[in-house]
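Which chain is which? The protein sequence lines are B and S, in order. Number 142 marks the last residue of the first sequence (UniProt numbering); no jumps. Number 429 marks the last residue of the second sequence (UniProt numbering); no jumps. Ideal Cβ positions, reconstructed from N, Cα and C, are used throughout, including at glycine. Structure record follows, encoded as C-alpha cells.
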Amino acid sequence: LGVLLLLYCSDCNCFSNCVLVSQILTANDLTLILASHTAATGRLLVGFRKWYYNAAGFNKIGLLRDDTIHEDGDVKEALRRLPEKVYNDRMFRLKRALDLSMKQAVLPKEQWTQYEEDVHYLEPYLEEVIRERKEVEEWSKK
Amino acid sequence: VDLQWSDTPSISILSLVTKLPSGLVIASLDNYSPASRIGVFVKAGCRYESPDNQGVTHLLRLAANLTTKGASAFRICRGVEAVGGSLGVTSSRENMIYSVDCLRDHIDTVMEYLINVTTAPEFRPWEVSDLTSRVKMDRALAAQSPQMGVIEGLHGAAYKNTLSNSLYCPDYMVGHVDADHMHNFIQNNFTSARMALVGLGVDHDVLKQVGEQFLNIRSGMGTAGTKAQYRGGEVRVQNGSSLVHSAVVSEGAAVGTDEVMAFSVLQHVLGVGPHIKRGSNSTSKLIQGVAKATADPFDASAFNVNYSDSGLFGVYTISQSAAAGDVIKAAIGQVKAVASGVSEADLTRAKTQLKAEYLMSLESSEGLLDAMGSQALTRGAYHSPEVIAQMIDSVSATDVANAANKFVSGKKSMASSGNLVKTPFVDEI
Numbered sequence: 001l002g003v004l005l006l007l008y009c010s011d012c013n014c015f016s017n018c019v020l021v022s023q024i025l026t027a028n029d030l031t032l033i034l035a036s037h038t039a040a041t042g043r044l045l046v047g048f049r050k051w052y053y054n055a056a057g058f059n060k061i062g063l064l065r066d067d068t069i070h071e072d073g074d075v076k077e078a079l080r081r082l083p084e085k086v087y088n089d090r091m092f093r094l095k096r097a098l099d100l101s102m103k104q105a106v107l108p109k110e111q112w113t114q115y116e117e118d119v120h121y122l123e124p125y126l127e128e129v130i131r132e133r134k135e136v137e138e139w140s141k142k
Numbered sequence: 001v002d003l004q005w006s007d008t009p010s011i012s013i014l015s016l017v018t019k020l021p022s023g024l025v026i027a028s029l030d031n032y033s034p035a036s037r038i039g040v041f042v043k044a045g046c047r048y049e050s051p052d053n054q055g056v057t058h059l060l061r062l063a064a065n066l067t068t069k070g071a072s073a074f075r076i077c078r079g080v081e082a083v084g085g086s087l088g089v090t091s092s093r094e095n096m097i098y099s100v101d102c103l104r105d106h107i108d109t110v111m112e113y114l115i116n117v118t119t120a121p122e123f124r125p126w127e128v129s130d131l132t133s134r135v136k137m138d139r140a141l142a143a144q145s146p147q148m149g150v151i152e153g154l155h156g157a158a159y160k161n162t163l164s165n166s167l168y169c170p171d172y173m174v175g176h177v178d179a180d181h182m183h184n185f186i187q188n189n190f191t192s193a194r195m196a197l198v199g200l201g202v203d204h205d206v207l208k209q210v211g212e213q214f215l216n217i218r219s220g221m222g223t224a225g226t227k228a229q230y231r232g233g234e235v236r237v238q239n240g241s242s243l244v245h246s247a248v249v250s251e252g253a254a255v256g257t258d259e260v261m262a263f264s265v266l267q268h269v270l271g272v273g274p275h276i277k278r279g280s281n282s283t284s285k286l287i288q289g290v291a292k293a294t295a296d297p298f299d300a301s302a303f304n305v306n307y308s309d310s311g312l313f314g315v316y317t318i319s320q321s322a323a324a325g326d327v328i329k330a331a332i333g334q335v336k337a338v339a340s341g342v343s344e345a346d347l348t349r350a351k352t353q354l355k356a357e358y359l360m361s362l363e364s365s366e367g368l369l370d371a372m373g374s375q376a377l378t379r380g381a382y383h384s385p386e387v388i389a390q391m392i393d394s395v396s397a398t399d400v401a402n403a404a405n406k407f408v409s410g411k412k413s414m415a416s417s418g419n420l421v422k423t424p425f426v427d428e429i
C-alpha cells in the first residue's frame, strides 16, 4: 500500500514532489526527507520548469519570457521605463519572432534561448509599477 | 501690581546658531508662531556647474518632488498636502534652498520629506526625462521677461567662469541632462560643510538632532569652487521690441567686505524704484537726472548684487529705442555726480531707506528664513537687525563716493536688448 505525501519546503518556497511511502513514517524520518529535499526535489522542480519552458516553445523563435507578457496598463508603463538598450533588444527579438512566424519557421537549434540564459528584465520595473499603483489606490481610499 | 514699561525689552527672542563638527550650520529662531518654516540651504548654485553639466541646477530645481529612497513622488506630494504644508525649492547663482512650511505640530512629517529630498533622491531616468517639458516651459517663461534676458546676459558677459553660468538650462542641454549628471552634482556639492539647516518656529535641539542624524551623509567640502573672474564684456540682443533694456555695471563688492554697505547705500542714494505707487520718484537721483535728458517714458534704477567673492554694481535702464543713448549716458552721468560728493541729507535718506527695506524684508517668514540661511551659509552666524542697522549707519559720505568712483573707473560690462539702433556700445559710454 503506497501513500503519496506532499511535503512543503520553506527554503525554496515550493511543494516537494510526491514521496511514495509504504510504511508509517516517524517525525524523524520526515525531517530527514525534508533535509535532503533541497538537493533532490529542487533538482526535480527545476527539471520540470525546464521541460515546461521548452514545451512552451517561444524560445524556438528567440523570445524571452518577458517578451511574451500580455501588455496591459501596468506592463505598458513598465515598458516605457526600460532603459533604451534593453527596449531596443526587446524590439529586435519581437521583430525577428514575427518574421519567423510569418515564414512558419523556427531558429536553428543552436540559437534557441536556453532556460538558464533567460533574463527576467521586465520584472523589477513591473513590480515597481504595481507597487506605485497600489500606493495610489491606498491613498485614494483615505 | 504696577506694570512698568522699560526701554530694554525683558524677553528677547534670540536666534541660536550652532556649527556641528561636520561643518553643518544649524540656525533657528523660535518665535512661538503657530506655523513653522524649515529650510536646507546648500552652496550648490549654478556657479558650481562645470562645462559638461550646464543646466543641472535647473533640473535639480524641478526635481525636488521626484521619488526618493524613503518616499515615492506621489507620497511626497500627498503627504505634504495632507498636513497642509508646502515644499519648495529656490536657487540662486550661489545657493540652493529647499524649504518646507507647515503648522508646528506637523514638523516631523514634513521634515522627513525634506531630508529625503535633500539627501536621498533617486533620480529615476524616466522621471528625469519627463522633466524636459517643464524645462522648456521655464525657459519660455523666462524669455517672456526682457529683464531676465538682460541679467543673464550681463552675468554671461561680465564673468569668465562660475558666475557666468545661467540659472536656466542652456539650449543645447535641454533633454540631455540625465540622472548621472544630477547624482554627480549632488555627490560633489551637497556636502555637510556646505549646508545650513535653518528653522523658524522650531526648537533648536530638534534641529540639531536632525542635523546630526540625517544631514551627515556626505562629509567634507566636496569640489572646491573656483574664484569668479570678472572680465567686463558686452552682449547685445537685437529684437523688435521698442523698449530698450540695458544694464551697465562694473565690479562691485563681495559679501563680507567693508564696501558692501557702502555700495548698498550708494544704490539707495541713486534710486531703486518707486517708493510711492505712481509717485514722482522725487528722491531718486537717477530718475531726476535722466528726466532732464528725455521727455519719453523711461525707468532707471541702480543695480547691485553681492556674491561670495565678487559683485556687480551699475545702472539698469529701460527707455524708448530712439532715446536709449541719452538715457544711458544721463544715468551714468548721475553716478559720476555722486562720485564727486554726496550731501548729508541724501546720505541720511538713503540709509533710512536701506534700513527700512531690510527690516521690511524680515517681516515675512520667507524673508526671515532667507536672511538667516544666507548669513548662516556665508559666515556661520546671524547678525541681528540691530547689528545690521549699526553697520549701515557707520557708512560715511566718503565711503559712498569711493564706491561710486569704483564704478566710474572700473571696467564696464553691458547687456542690452531691444531695438538697439541708438544704443551705445560699452566703449562709447
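For residue 314 of chain S, the beta-bridge partners assigned by DSSP are S/249, S/303. For residue 205 of chain S, the uninterrupted alpha helix (DSSP H) segment begins and ends at 204 to 214.
Rounded to the nearest whole angstrom, the CA to CA distance from residue 298 of chain S to residue 316 of chain S is 11 Å. Residue-level contact by beta carbon fails for residue 90 of chain B and chain S, as no gap is shorter than 7 Å.
DSSP places residue 221 of chain S in the coil class of the three-state scheme, outside both helix and strand. Shown in chain order are the members of the segment 102 to 127 of chain S whose Cβ falls below 8 Å from a Cβ of chain B: 124, 125, 126. Taken through DSSP and simplified to helix, strand or coil, residue 58 of chain B comes out as helix. Selection S/175, S/322, S/139, S/318 evaluated against residue 331 of chain S yields S/318 as nearest (Cα-Cα).
If you draw a 10 Å sphere on the C-beta of residue 49 of chain S, you find 16 or more other C-beta atoms in it, and that means buried.
The beta carbon of residue 72 of chain S sits closer than 7 Å to some beta carbon of chain B. In the three-state scheme derived from DSSP, where H, G and I count as helix and E and B as strand, residue 160 of chain S is classed as coil. Between the alpha carbons of residue 236 of chain S and residue 163 of chain S lies a gap of roughly 19 Å. Taking 8 Å as the upper bound for CB-CB distance, residue 226 of chain S and residue 306 of chain S are not in contact here, some 18 Å apart. Here the segment 80 to 91 of chain S does not lie against the segment 219 to 233 of chain S, with fewer than 3 beta-carbon pairs under 8 Å apart. Within a 10 Å sphere around the beta-carbon of residue 92 of chain B sit fewer than 16 other beta-carbons, which makes this residue exposed.
Taking residue 273 of chain S as the centre and dropping the five residues before and after it, the same chain places the C-beta of 301 closer than 7 Å to its C-beta, in chain order.
Across the set S/56, S/313, S/390, the C-alpha of S/56 shows the shortest separation from the C-alpha of residue 185 of chain S. When Cβ pairs closer than 8 Å are counted between the two stretches, the segment 201 to 208 of chain S is seen not to touch the segment 136 to 145 of chain S, the count staying below three. Around the beta carbon of residue 412 of chain S, a 10 Å sphere encloses 16 or more other beta carbons of the protein chains shown; the residue is thus reported as buried. Our two residues, residue 27 of chain S and residue 375 of chain S, have alpha carbons roughly 10 Å apart in a direct line. Of all residues in the segment 68 to 85 of chain B, only 80, 81, 83 come within less than 8 Å of chain S when Cβ atoms are compared, listed by chain position. By the Cβ rule, the segment 89 to 97 of chain S does not count as touching the segment 349 to 361 of chain S, because fewer than three pairs are nearer than 8 Å. With a threshold of 7 Å between beta carbons, residue 78 of chain S makes contact with chain B. Taking every protein chain shown into account, the CB of residue 425 of chain S has fewer than 16 other CB atoms within 10 angstroms, so this residue is exposed. Excluding sequence positions up to five before and after residue 347 of chain S, its CB lies within less than 6 Å of the CB of 397, all in the same chain and listed in chain order. In the structure shown, the three-state DSSP call for residue 229 of chain S is coil. Under the Cβ criterion (8 Å, minimum of three pairs), the segment 334 to 352 of chain S counts as touching the segment 398 to 406 of chain S. Chain S has a Cβ within less than 7 Å of the Cβ of residue 132 of chain B. Under the three-state reduction of DSSP output, residue 180 of chain S falls in the helix class. In terms of Cα proximity to residue 325 of chain S, the closest of S/85, S/119, S/244 is S/244.
At a Cβ-Cβ threshold of 7 Å, residue 304 of chain S and residue 267 of chain S count as neighbours. For the set S/382, S/173, S/149, S/190, the Cα lying nearest the Cα of residue 16 of chain S is the one of S/382. Nearest CB-CB separation between residue 112 of chain B and chain S: not below the 7 Å threshold. The Cβ atoms of residue 100 of chain S and residue 38 of chain S lie closer than 7 Å to each other. Listed along the chain, the chain B residues whose CB falls inside 9 Å of the CB of residue 75 of chain S are 135, 139.
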